[in-house]
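Enquirer: Be aware that the sequence shown starts at 1, since it is given in the UniProt record's numbering, and climbs by one per residue.
Here a beta-carbon is modelled for each residue, glycine too, at the ideal position from N, C-alpha and C.
Quick caveat, the model's predicted, so the values are computed rather than measured.
Below is a structure I'd like to ask you about.
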Amino acid sequence: MSQINRLSEGGRIDRNSSFTFTFEGKVYQGHKGDTLASALLANGVKVVGRSFKYHRPRGILGAGAEEPNAILQLGSNEATSLPNQRATQTELYDGLTARVANAWPSLDKDFLSVVGKIGGAMMPAGFYYKTFMYPESLWPTYEKQIRKAAGLGEIPRANDPDQYDHMHQHCEVLIVGGGAAGLAAARQFLGLGQRVILVDEQSEFGGSLLHCREKINGNPATQWVAETVEHLEADHNFMLLPRSTAFGYYDHNFVGVVERLTDHLGEDVNGVRQRIHHIRAEHVLLATGAIERPLVFGNNDLPGSMLASAVQIYLRRYAVAPGNELILMTTNDEAYDAAIEWHNSGKTVVAIVDTRSFSDGERVKEAKALGISVLHGHAVTSLQGSSHVTGAEVAPIDRDGKSVTGTMRVISCDTVATSGGWSPALHLSCHTGGRPSWRDDIAGFVPSNTVEGMDYAGAVNGESALLEVIQDGAAKAKAIADALGSELAETTVPVVDTLQTDSAMAMYLVPYRLPVSRAPKQFVDFQNDVTAAGIELAVREGYESIEHIKRYTAMGFGTDQGKTGNINGMAIAANAMGKSIAETGTTIFRPMYTPVTFGALAGQHVGKLFDPARYTAMHEWHVKEGALFENVGQWKRPWYYPKNGETMDEALARECKATRESVGILDASTLGKIDIQGKDAREFLNRIYTNGWDKLAPGRCRYGLMCHEDGMVFDDGVTSCISDSHFIMTTTSGGAAGVLQWLEVWHQTEWPELEVYFTSVTDQWATMTISGPNCRNVLRQLVGDEDVSEEAMPFMSWKPMKVAGVDARVFRISFTGELSFEINVNANYGLYVWEQVMKAGEAYNITPYGTETMHILRAEKGFIIVGQDTDGSVTPQDLNMGWITGKQKTYSFLGRRSWSREDTVRTDRKQLVGLKCVESHKVIPEGAQAVDNPDQPVPMTMVGHVTSSYFSAVLGHSIAFGLIKDGLNRMGEYVYFPLANGKTLKAEICSSVFYDTKNEKPMNANEDEVSALSESYEPVKRTPVHHLGKSHPSSPGVHLHERDGVSHLVLRGEPTAEFSAAVESALGLTLPVSPCTSSVNDSLQIWWQSPDEWLILSFEQDASTIEKKLREALQGHFQITDVSGGQTLLMLTGSHAKDVLKKSVSYDVDGRSFIMGKCVGTSFAKGQVFMRHHSENCYDLIVRRSFADYIALWIQQSADEYGLALDC
């Protein structure tokens, strides 16, 4: 089809290009520079959709974000499908496919339009609320059909193939809106050195200057725009973001901006499609302009009824005349431009219908001079036509615009443009609760100036004349520059054509010869089919708050948020209530300004990057051995190791029996580990734990429970004494961070007098537990002459030794009830030692087992898991663990007082017991509720629930733990568990210890004559991201390098002069005491991490040497902890290294803020890093070992568009 409405010249389109696109299955042509809307109009397409409720035909009304009708489904397939896209904001590209979402069987012949015609009068405001209430059970059915009829778009049914990301930006000034005011403001900051970000939602800057008739400096306004943009682009302190919408304003001048990077290029385009910028600005200047209001009159929704400004935009910017014969109805002089442009394009202006009784502005005179008929004191009261405008009913009205005063006549036309004035686009100013203020002089709401750090310029501030808009932008820029302390000379503004205008008329609803309730439908909100009659009905039914009226009628609920209809609706409601608009008030706009895709909001946080996956040093081995994994917190822990098609039950039975009968091995690296040092460490442990620690000797270990102040158990673990002032505490895997925070809170806020420090070493130690009768035989092969006999290493003891040539701490503790040894080594050697243990265990069929087998083994032995067998409402006494509550402690401890509360001494508290199902082969479901009487009618009296439940292959029957009311006094009794399938299981209450009740088995372990696995070991070190290897693409913009051979130590102490001098004497480097600073030489670095904590990096000496030097030099209270295995040093370099950081951290990485030598701790995506600005385009990142894979993967994806070289 030819572009019948395309003008032969003009516009900003590229006529040398030709794009083919499809709408509703028909093929059309357009040009580069078109929007989908302009291309449809150029091809003579009038109907672009069906309305929300009545399914009336709808055409294009506007030209931008205000468009309520042309909401289309884009995409050629399910993967690229995009719902609810505005044709007016969709740039045309070759191959674009679009269709409507709310017409069946076709747009031209929509079945539901018949329902709308026949039943429209019976579907007033509140129709759905009143009609579909009964029966209540059918509401899901009603809702499904209503949504289907409403045409809300279709969710894509395939995975999104596109990429999205986020970037964090910081600036002194953010200017939202690149029109006349925004550009004028931006020009004032040239050369000042302030960071300025200019955002505009259109494909090019200029706003209304791209289509206005006024000249600037005697030239077309577009020339001034081009010169301004050129100057801004040349200033490196400016960031220009076209095709970018500021969708949300949040506290502290935080603005969300979505940039459409490749939307306009088509579907099959590589790279990032959309990017969300998280902008933190010192000052925000809204220069968002204003949105033209249509007038409300009969059948004003017919295709061909448009905004006057939209007509002008299509004519001047896209060289499209949407029709042939135009009638313009306006309340102001500015709209005359549309008629003048229409006339100049060679089309016919049938008449200008001016609702004012008189106007004599320059535009009015020009129109009359062109021979255009101007009808003062008239209005278009209704439109005629079925699928599009064919005529307009025009009648005289009174001076106030309240009533028709004469005979109506019909004037033939195919396009009607209307203008009821302008509504400032103040949406962002409302997002944090700002209330707009009404101004009668402009008949619009303006921002109330109550948002701190936000200023307003131009039309959003109520200015209308172009010169005044530019002057306001320049003046606001000067005020901001003054506030920033910048010296700005007097503002300069260009010479701008100024046209004399007469006052506009405040008019919203055009009168009709019949009452509103009997007039043709007069649409206020086009997107939701809200009419003037519906609003008046809401008022008659008692709705007085504009917010209630909004919700009852659905006014402003659409994707356009009522951009064209809200003011008109408020005026109609105010009139119905006999109030002024100021008294009635306005609804509050909320984010998003325009819809934002979920893909953009998610950014890179999808798939493997949705949540950090933490890996142990042995993870690579588990994967190769076919382990299945379960999530424990963020850790990926081996769940079980199926072999040769085993079922889960078969694999668990094999793992359990192997451990009980020979030897099994578990990766226990995920257990939380906290290094505790200080002379008051014992006293602190006494206060935190329920049991005593005064007598725990070096080389010994003790199990402990922690309770909150309410006396309820919240964590447990084994703590070992390294020396009288040095302990290692273990916690549950998921509780490590919470326990460390708990310790710090009590130390810093309640017991600061205690000299003790805490450092997490969870990632430092790779931990493997070997259990079973042959585990000592395995260990002896790896430790040389070290004595690991029962006499030398009794239960709950530990020893330092070398295992397979690697320094280790070996603990004699057990969570299985078997003889067990827990081997802890520097995590860089964890995989190597694991492999050596497996070799040593080959003769004993050593079997790796996962967390599910661990759960079974511990349950057989009666050991609890905090968080599974407890729920925050369980005391040690409830767990039958009163033996661990230190009744002889002289100082109270956390939770102790709460045990004497009335609630905690009740006899009917739920208590942990064992449960044996009478049907021994059946496993009671975890969470099953216990009752005493299975025949009791519902609701039954529940007496407890199952916390842990398994089938024990070793015992040959199922076992379970349960919290049962007064359970410890009910041994031998039975409880019942009604299940969802209607069956009931019966279980006997018994002891929670099912296996080796006398603890005899560990003492009867096997003792074989064994030989050393090797006489000389060659330990293999594997750094956290060594597996990434090396890659060097051509011209990479980013390099990622992992530094090997670096010793990491954490130093803690009070930075007194004596302390600092001692550190400097030991290391030859000044201790940095100012926040975020560092001291560096060729072989050593010290990073400030907190007021009493530093990170020491040594590139030549090992950690033990550094530690020895410091301990010899320091006196008093301090802590030194080797964390070399627990973290790694990554170097991020290259011309785009800073861009990768902007995608990753919210911290301001600009060189003026993140200066060289500065170091900061910050969130990195969803992980954490400590980073230092090493040199130009070079950054050091300290990454915890278990997060290293996640951080590296994030960097790889973030750097993909720039090219990434790896050296790991």
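Among the residues of its own chain, which have a CB less than 8 Å from the CB of Ser1175, if the five just before and after it don't count?
Expert: Around Ser1175: Met1156.
Enquirer: Count the C-beta pairs between the stretch 682-692 and the stretch 751-758 that are closer than 8 Å, then say yes if the count reaches three, no if not.
Expert: Short answer: they touch.
Enquirer: So the candidates are Leu912, Ser486, Tyr249; which of them puts its Cα closest to the Cα of residue 1211?
Expert: Because the chain is modelled from 1 through 1208, residue 1211 falls outside the range shown and cannot be assessed.
Enquirer: Any idea which residues DSSP pairs Tyr249 with across the strands?
Expert: DSSP output for Tyr249 lists Val255 as bridge partner(s).
Enquirer: With C-beta atoms as the reference, is Ala281 less than 8 Å away from Asn253?
Expert: The answer is yes: Cβ separation under 8 Å.
Enquirer: Closest to Trp1194 by CA distance: which of Cys1178, Ser17, Gly1167 is it?
Expert: Closest by alpha carbon: Gly1167.
Enquirer: Since I believe Ala379 is in contact with Ile397 (beta carbons under 8 Å), could you give me their beta-carbon distance rounded to a whole number of angstroms?
Expert: Ile397 to Ala379, Cβ: 5 Å. Contact.
Enquirer: Indicate the three-state DSSP secondary structure (helix, strand or coil) for Glu91 in the structure shown.
Expert: Note: Glu91 maps to strand in three-state DSSP.
Enquirer: Please list, in chain order, all residues of the same chain as Leu1110 whose beta carbon is under 6 Å from its beta carbon, the five residues on each side excluded.
Expert: Cβ neighbours of Leu1110 beyond the five flanking positions: Ala1066, Ile1120.
Enquirer: Considering just the uninterrupted stretch of the beta strand (DSSP E) at Val1174, what are its terminal residues?
Expert: According to the sequence provided, residue 1174 is His. The question's Val does not apply to it. Where His1174 is concerned, the enclosing beta strand (DSSP E) stretches over 1167-1175.
Enquirer: So, under 8 Å CB-CB, Val199 and Leu174 are touching, yes? Tell me the CB distance rounded to an integer number of Å.
Expert: Indeed they touch by this definition, with Cβ atoms about 7 Å apart.
Enquirer: Using only CA atoms, which one of Asn332, Thr348, Gln1115, Ile846 lies nearest to Phe358?
Expert: Here the closest residue by C-alpha is Asn332.
Enquirer: If you follow the beta strand (DSSP E) that Thr719 is part of, which residue opens it and which one closes it?
Expert: It spans 713-723 - the beta strand (DSSP E) in which Thr719 sits, taken as one unbroken run.
Enquirer: Taking just the CA atoms, how far does Val27 sit from Ser8?
Expert: In a straight line, the C-alpha of Ser8 is about 21 Å away from that of Val27.
Enquirer: When you compare only the Cα positions, how much space is there between Thr874 and Gly1068?
Expert: Here residue 874 is Val; the residue named in the question, Thr, does not match the sequence. Using only the alpha carbons, I get a separation of about 53 Å.
Enquirer: Which residues share a DSSP beta bridge with Cys707?
Expert: DSSP lists Val713 as partners of Cys707.
Enquirer: Measure how close the beta-carbons of Leu666 and Thr769 come, nearest whole angstrom, since I'm counting them as under 8 Å.
Expert: Correct: roughly 5 Å between the Cβ atoms.
Enquirer: Helix, strand or coil for Thr597, going by three-state DSSP, please let me know.
Expert: Coil.
Enquirer: Taking the runs of the alpha helix (DSSP H) that are 4 residues or longer, which of them lie wholly in the stretch 160-221?
Expert: The qualifying runs are 180-188.
Enquirer: When burial is assigned at 16 or more other CB atoms within 10 Å of the CB, is Pro794 buried or exposed?
Expert: Burial call: exposed.
Enquirer: Here's the rule I'm using: 16 or more other beta-carbon atoms within 10 Å means buried, otherwise exposed. How should Tyr995 be labelled?
Expert: Looking at its Cβ environment, which holds 16 or more other Cβ atoms inside 10 Å, Tyr995 is buried.
Enquirer: With DSSP as the reference, label Trp751 as helix, strand or coil.
Expert: In this structure, Trp751 counts as coil in the three-state DSSP scheme.
Enquirer: Looking only at its own chain, which residues have a Cβ that is under 8 Å from the Cβ of residue 1223, when we skip the five neighbours before and after it?
Expert: Summary: the structure shown does not reach residue 1223, with the chain confined to residues 1 through 1208, and so no result is reported for it.
Enquirer: For the alpha helix (DSSP H) that contains Asp337, what are its first and last residues?
Expert: That run of the alpha helix (DSSP H) goes 336-344.
Enquirer: Given this structure, state the Cα-to-Cα distance separating Thr997 from Ala1012, to the nearest angstrom.
Expert: Distance between the alpha carbons of Thr997 and Ala1012 is about 35 Å.
Enquirer: Might you give, ordered along the chain, the residues of its own chain that have their beta carbon closer than 7 Å to the beta carbon of Asp1180, omitting 5 neighbours on each side?
Expert: These residues qualify, in order along the chain: Leu1129, Met1131, Met1171, Arg1172, His1174.
Enquirer: Let's see if you can read the secondary structure: which residues bound the alpha helix (DSSP H) around Gln634?
Expert: Counting along the chain, Gln634 falls outside any alpha helix (DSSP H), and DSSP gives it neither H nor E.
Enquirer: Using 8 Å for Cβ pairs, my map puts Ala1137 next to Asp1122. What's the rounded Cβ distance?
Expert: So it is not a contact: roughly 29 Å between Cβ atoms.
Enquirer: Below 6 Å CB to CB, which residues in the same chain sit around Ala627 once its five sequence neighbours on both sides are set aside?
Expert: Closer than 6 Å at Cβ, skipping near neighbours: Pro638, Tyr641.
Enquirer: What is the rounded straight-line gap between the Cα of Ala571 and the Cα of Trp342?
Expert: Approximately 31 Å, taken between the alpha carbons.
Enquirer: Tell me, which residues are paired with Glu541 by DSSP?
Expert: Bridge partners of Glu541: none, in fact.
Enquirer: When you compare only the Cα positions, how much space is there between Arg897 and Ser733?
Expert: Their backbone Cα atoms lie some 28 Å apart in a straight line.
Enquirer: For the beta strand (DSSP E) that Asp1207 lies in, which residues bound it at each end?
Expert: Segment 1204-1207, the beta strand (DSSP E) holding Asp1207.
Enquirer: Is the distance from the Cβ of Glu709 to the Cβ of Gly895 below 8 Å?
Expert: For Glu709 and Gly895, yes; Cβs fall inside 8 Å.
Enquirer: Does the stretch 757-777 come close enough to the stretch 984-992 to have 3 or more Cβ pairs within less than 8 Å?
Expert: Touching, no.
Enquirer: Name the DSSP bridge partner or partners of Pro848?
Expert: BP columns for Pro848 point to Ile665.
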